[in-house]
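Chemist: Before I ask anything, let me first share the structure, which is written out below as structure tokens.
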Amino acid sequence: MSELRFVRMGFGDQAVEYQEAWDEQRRVHAARFADEIPDTVLLLEHPPVYTAGRRTADNERPLDGTPVIDVDRGGKITWHGPGQLVGYPIQKLPRPVDVVAHVRRLEEALIRACAEFGLETSRVEGRSGVWILGDPVEQRPAWGSPRPEVGGGLSLDFDPRLHDEEFDPRMNGPEYAPSNAGQRREDRKIAAIGIRVAKGVTMHGFALNVNPDNKWFDRIIPCGIRDAGVASLAGELGRDVTIEEVLPVVERHLREVLENADLKPREIEKTSAA
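Residues 300 to 573 (our numbering) are what the sequence shown spells out, left to right.
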């Protein structure tokens, strides 16, 4: 793979509006397709914004009508904003493109970056992104139960999410909020990934929660997942972690993983005629 180029678009007071970054993605995408530039990763922070991928359902959007930008990536609805490191890798891949392999490479780079800060993360089968695995169900704290033996909290036996596929945590109090998943010791996502591939070149990418206000996620059903939550590096480590501190680490691991990847086209199963 050719050398990877990194472009730091803006952070903090220079955070980049989503539409501006989207326009820049399309410009860089066209230039990469034409082989005018090398593979490029745009890195930035956004002002607060909700974006919805193509599979977002209406009932996963903010209940109060907060504006949402519909985008052409895969996945569902998420939030971007201060304290979150966003990366848009724009790469030319062999066709037919192996999208899953591309996602796995991004996950691997972020898993390595988190490990460098002393945080063990993982993948969850069937769910993209980087996760912190929760405790086994029987070891998690109980919430809201009237039974004195479980100390107040709703016991797992009565957790409505176990039986109601349409359960909406936004209408059932903070004990179910995605931002409180760590207190519940549940699986929680620290980095979301959603991509699009056009003409063999990737767009969109990842969002790593460094030190954001995760309560922004409580107004939506993040990534359409009702039985897990969100996390951040700062929250899990119990100390202040800054974008400035994380940025060079993420760049280094992206470079190591993406530049050394053995890129192959997606295998297409051939069926023999009867």
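Using N, Cα and C, we set each Cβ at its ideal position, and we do this for glycine too. Computed from a prediction, not measured in an experiment: that's the story for all the values here.
Please report the straight-line C-alpha distance between Ser531 and Glu555, rounded to a whole angstrom.
Modeler: 23 angstroms
Chemist: So the candidates are Ile389, Asp463 and Leu409; which of them puts its Cα closest to the Cα of Asp334?
Modeler: Ile389
Chemist: What's the C-alpha gap between Arg331 and Glu544?
Modeler: Distance from the CA atom of Arg331 to the CA atom of Glu544, rounded to whole angstroms, is 29 angstroms.
Chemist: In angstroms, rounded to a whole number, what distance separates the CA positions of Lys498 and Met470?
Modeler: 42 angstroms
Chemist: Give the single residue among Gln313, Ala356, Arg394 and Asp363 whose Cα lies nearest to the Cα of Gly380.
Modeler: Gln313
Chemist: Relative to the C-alpha of Asp322, which residue among Glu558, His503 and His552 is closest?
Modeler: The shortest Cα separation from Asp322 among Glu558, His503 and His552 belongs to His503.
Chemist: In angstroms with no decimal places, state the Cα-to-Cα distance between Gly450 and Arg411.
Modeler: The predicted position of Gly450 is uncertain, since its pLDDT is 38 and thus under 50; no value can be drawn from it.
Chemist: Output needed for Pro459: all residues of its chain with C-beta closer than 8 angstroms, excluding positions within five of it in sequence on either side, in chain order.
Modeler: Phe466 and Asn471
Chemist: Going by other Cβ atoms of all chains shown within 10 Å of its Cβ, with 16 needed for buried, is Pro447 buried or exposed?
Modeler: Legend: pLDDT at Pro447 = 38, less than 50; position of this residue unreliable, value from coordinates given subsequently. Result: exposed.
Chemist: Let me know if Glu302 comes out buried or exposed under the rule of 16 or more other beta-carbons within 10 Å of its beta-carbon.
Modeler: exposed
Chemist: Threshold first: 4 residues or longer. Then list the alpha helix (DSSP H) segments lying entirely within the segment 393-436, N to C.
Modeler: Runs of the alpha helix (DSSP H) inside the segment 393-436: 398-415.
Chemist: Taking three-plus beta-carbon pairs below 8 angstroms as touching, is the segment 475-489 in contact with the segment 521-531?
Modeler: yes
Chemist: Specify the secondary structure class of Phe466 as computed by DSSP and reduced to three states.
Modeler: DSSP places Phe466 outside both helix and strand once states are collapsed to three, so it counts as coil.
Chemist: If contact is defined by three or more beta carbon pairs under 8 angstroms, each pair taking one atom from either stretch, is the segment 426-438 in contact with the segment 342-358?
Modeler: No, they do not touch.
Chemist: Just to confirm my understanding: we take Asp434, look at its own chain, exclude 5 residues before and 5 after, and list those with CB closer than 7 angstroms. What are they?
Modeler: Arg484
Chemist: Measuring straight from C-alpha to C-alpha, what distance separates Tyr475 and Ile520?
Modeler: 11 angstroms
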